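Asks:
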Amino acid sequence: MTDYLFYLLLGIIQGVLEWIPVSSEGFLTLILTNIMHVDFSKAVELSLFLHLGTLFSALLYFRNDVIKVARCFLTGNFLRDGLSRFLFFATASTVLAGLPLYIAVGSISLASLSIINLAIGILLIITGLIQSIAIDRIDRGSKAVDEVSTRDSIIIGLLQSLSVLPGISRSGITIASLLMLGYKVFDALKMSYMLGIITTILLEAWIIIHRSIIYNPAYVVSTAVSFIVGYLTIDVILRLALRARFWIICVIFGAMLVISGISNI
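Under this note's numbering, think of the first position of the sequence shown as 24, with each following residue one higher.
1. Quick check: phenylalanine 112 and threonine 173, are their CB atoms within less than 8 Å of each other?
2. I'd like to know whether the C-beta atoms of phenylalanine 250 and phenylalanine 79 end up nearer to each other than 8 Å.
3. Among Ser192, Leu53, Gly129, which residue has its Cα nearest to the Cα of proline 44?
4. Exposed or buried, leucine 255, counting other C-beta atoms within 10 Å across all chains shown (16 or more means buried)?
5. On the CB-based measure, 16 or more other CB atoms within 10 Å of its CB, does asparagine 87 come out buried or exposed?
6. Out of Leu32, Ala199, Asp210, Leu51, point me to the one whose CA is closest to leucine 188's CA.
7. Terminal residues of the continuous alpha helix (DSSP H) containing lysine 207?
8. Kindly identify the DSSP beta-bridge partner or partners of lysine 166.
9. I need the boundaries of the alpha helix (DSSP H) containing leucine 2, first residue and last residue.
10. Which of the three DSSP states is assigned to asparagine 87 in this structure?
11. Check whether the Cβ atoms of glycine 180 and serine 116 lie closer than 8 Å to each other.
12. Which residue's Cα is closest to the Cα of cysteine 290: Leu82, Ala81, Leu110?
13. So the candidates are Leu218, Asp104, Ser194; which of them puts its Cα closest to the Cα of threonine 150?
14. Beta carbon of valine 208, beta carbon of isoleucine 156: below 8 Å?
15. Could you check what DSSP says for aspartate 175 in three-state terms: helix, strand or coil?
16. Could you give the distance in angstroms between the alpha-carbon of asparagine 140 and the alpha-carbon of glycine 164?
17. Count the other CB atoms, across all protein chains shown, that sit within 10 Å of the CB of methionine 24; report buried if there are 16 or more and exposed otherwise.
18. Would valine 259 be called buried (16 or more neighbouring beta carbons within 10 Å of its own) or exposed?
19. Quick one: give me the first and last residue of the alpha helix (DSSP H) that proline 240 is part of.
20. Could you spell out where the alpha helix (DSSP H) holding asparagine 287 opens and where it closes?
21. Measuring CB to CB, does tyrosine 30 end up less than 8 Å from valine 244?
22. On the criterion of 16 or more Cβ atoms from any shown chain inside 10 Å, does isoleucine 90 qualify as buried, or is it exposed?
23. Just to confirm the assignment, what range does the alpha helix (DSSP H) spanning glycine 49 have?
24. Expressed to the nearest angstrom, what Euclidean distance is found between the alpha-carbon atoms of glutamine 183 and threonine 223?
25. Does the distance from the C-beta atom of tyrosine 216 to that of alanine 93 stay below 8 Å?
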């Protein structure tokens with residue numbers, strides 16, 4: 024029963040934090056390593072696997088855009104549609120850069136919790152600082168998704184690949200980068216979360232087929248809860264995600280982890 028309650032809590036956390044640019048992977052990894060004493064590499068893999076629930080939340084919420092993009096790819100017209108073209112080049116660059124990084128992270132087994140906390144703390148601070156720079160550009164963007172260039176798409180894809188590192192927020196780094204490249208807020212949000220859908224689908228397929236997740240019913244509970252909570256919270260949180268200055272949470276919590284990690288080394 025304790026495991027079920029714990030994974031139910033993980034599902035709630037994932038369902039809420041997925042839409043907030045604070046790295047849900049980082050927080051889940053911290054919980055799994057510090058409380059459940061799960062090996063670092065397994066904790067990273069499991070935290071990424073638990074994104075499956077919020078993937079279905081995003082698919083349901085962005086269903087109209089998902090259907091439109093799917094049609095563009097099925098008809099071979101994806102290079103003519105701005106969003107589809109962006110997703111194609113951004114996903115390709117993410118896979119090329121992110122897969123080797125993901126494999127490298129998955130091979131790490133850190134015995135020291137202080138080192139894990141220190142590393143995640145530093146990455147959370149980086150995530151927060153990037154967002155703090157971009158937040159001043161929220162109302163300055165003029166570029167729409169139809170104007171996206173191949174160069175911009177590749178840049179965003181390469182930056183997104185860094186999110187396999189627990190502490191780097193995928194949505195945080197991609198939305199901030201799109202804002203700094205001059206895109207409108209609504210377009211930046213749509214581009215980021217649609218890219219997240221495709222990336223998560225590929226990542227979950229890789230984990231399920233090639234990795235060694237040991238499945239148990241508790242994972243099903245966690246995934247189902249994250250789907251329900253994710254869908255119920257996505258609309259409200261997306262409206263707040265940029266203007267609520269969540270970057271401060273990243274910096275403060277990251278600093279606490281860094282101090283804790285250094286003091287315990």
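We treat Cβ as the ideally placed atom computed from N, Cα and C, and that holds for glycine.
These figures come from a predicted structure and were not determined experimentally.
Replies: In terms of the structure at hand:
1. On the sequence shown, residue 112 is found 89 positions in, with the first residue counted as 1. On the sequence shown, residue 173 is found 150 positions in, with the first residue counted as 1. At a Cβ-Cβ threshold of 8 Å, phenylalanine 112 and threonine 173 count as neighbours.
2. In the sequence shown, the residue the question calls residue 250 occupies position 227. In the sequence shown, the residue the question calls residue 79 occupies position 56. Yes, the pair counts as a contact, with Cβ atoms nearer than the cut-off.
3. Along the sequence shown, read from residue 1 onward, the residue named residue 44 stands at position 21. Nearest of Ser192, Leu53, Gly129 to proline 44, Cα basis: Ser192.
4. Start at 1 with the first residue of the sequence shown, and residue 255 comes out as number 232. Residue environment analysis places leucine 255 among the exposed positions, since fewer than 16 neighbouring C-beta atoms fall within 10 angstroms of its C-beta.
5. Position 64 of the sequence shown, counted from the first residue, corresponds to residue 87. Its Cβ having fewer than 16 others within 10 Å, asparagine 87 is exposed.
6. If you number the sequence shown from 1, residue 188 lands on position 165. Ranking the options by Cα distance to leucine 188, first place goes to Leu51.
7. Within the sequence shown, residue 207 is the residue found at index 184, counting from 1. Boundaries cannot be given for lysine 207, as no alpha helix (DSSP H) includes it and DSSP labels it neither H nor E.
8. Along the sequence shown, read from residue 1 onward, the residue named residue 166 stands at position 143. Beta-bridge pairing links lysine 166 to Tyr206.
9. Residue 2 is absent from the structure shown; the chain starts at 24 and stops at 288.
10. Here residue 87 refers to the residue found at position 64 when the sequence shown is read from its first residue. Helix.
11. The residue given as residue 180 occupies position 157 in the sequence shown. The residue given as residue 116 occupies position 93 in the sequence shown. For glycine 180 and serine 116, yes; Cβs fall inside 8 Å.
12. The question about residue 290 has no answer here: the residues shown for the chain are numbered 24 through 288.
13. Position 127 of the sequence shown, counted from the first residue, corresponds to residue 150. By alpha-carbon distance to threonine 150, the top candidate from Leu218, Asp104, Ser194 is Ser194.
14. In the sequence shown, residue 208 corresponds to position 185, counting from 1. In the sequence shown, residue 156 corresponds to position 133, counting from 1. Not in contact: valine 208 and isoleucine 156 (Cβ atoms no closer than 8 Å).
15. Counted from its first residue, the sequence shown places residue 175 at position 152. Aspartate 175: helix per DSSP, three-state reduction.
16. As a first step, residue 140 is located in the sequence shown; it is residue number 117 there, counting from the start. As a first step, residue 164 is located in the sequence shown; it is residue number 141 there, counting from the start. Distance between the alpha carbons of asparagine 140 and glycine 164: 36 Å.
17. For the purposes of this step, residue 24 is taken as residue 1 along the sequence shown, with counting starting at 1. Reliability of the predicted coordinates at methionine 24 is poor, the pLDDT of 49 falling under 50, and the value obtained from them is presented with this limitation in mind. Under this definition methionine 24 is an exposed residue.
18. Along the sequence shown, read from residue 1 onward, the residue named residue 259 stands at position 236. A residue is called buried once 16 or more other Cβ atoms fall within 10 Å of its Cβ, and valine 259, having fewer, is exposed.
19. Residue numbering aside, residue 240 sits at position 217 when the sequence shown is read from its first letter. Segment 240–263, the alpha helix (DSSP H) holding proline 240.
20. By one-based count along the sequence shown, residue 287 stands at place 264. Element bounds for asparagine 287: 270–287.
21. Position 7 of the sequence shown, counted from the start, is the residue given in the question as residue 30. Position 221 of the sequence shown, counted from the start, is the residue given in the question as residue 244. Taking 8 Å as the Cβ cut-off, tyrosine 30 and valine 244 qualify as a contacting pair.
22. Position 67 of the sequence shown, counted from the start, is the residue given in the question as residue 90. Looking at its Cβ environment, which holds fewer than 16 other Cβ atoms inside 10 Å, isoleucine 90 is exposed.
23. Walking along the sequence shown from the start, residue 49 turns up at place 26. From DSSP, the alpha helix (DSSP H) with glycine 49 extends over 47–57.
24. Here the question's residue 183 lines up with position 160 in the sequence shown. Here the question's residue 223 lines up with position 200 in the sequence shown. The alpha-carbon separation between glutamine 183 and threonine 223 amounts to approximately 11 Å.
25. Locating residue 216 in the sequence shown gives position 193, counting from the first residue. Locating residue 93 in the sequence shown gives position 70, counting from the first residue. Taking a C-beta distance under 8 Å as the contact criterion, tyrosine 216 and alanine 93 do not qualify as a contact pair.
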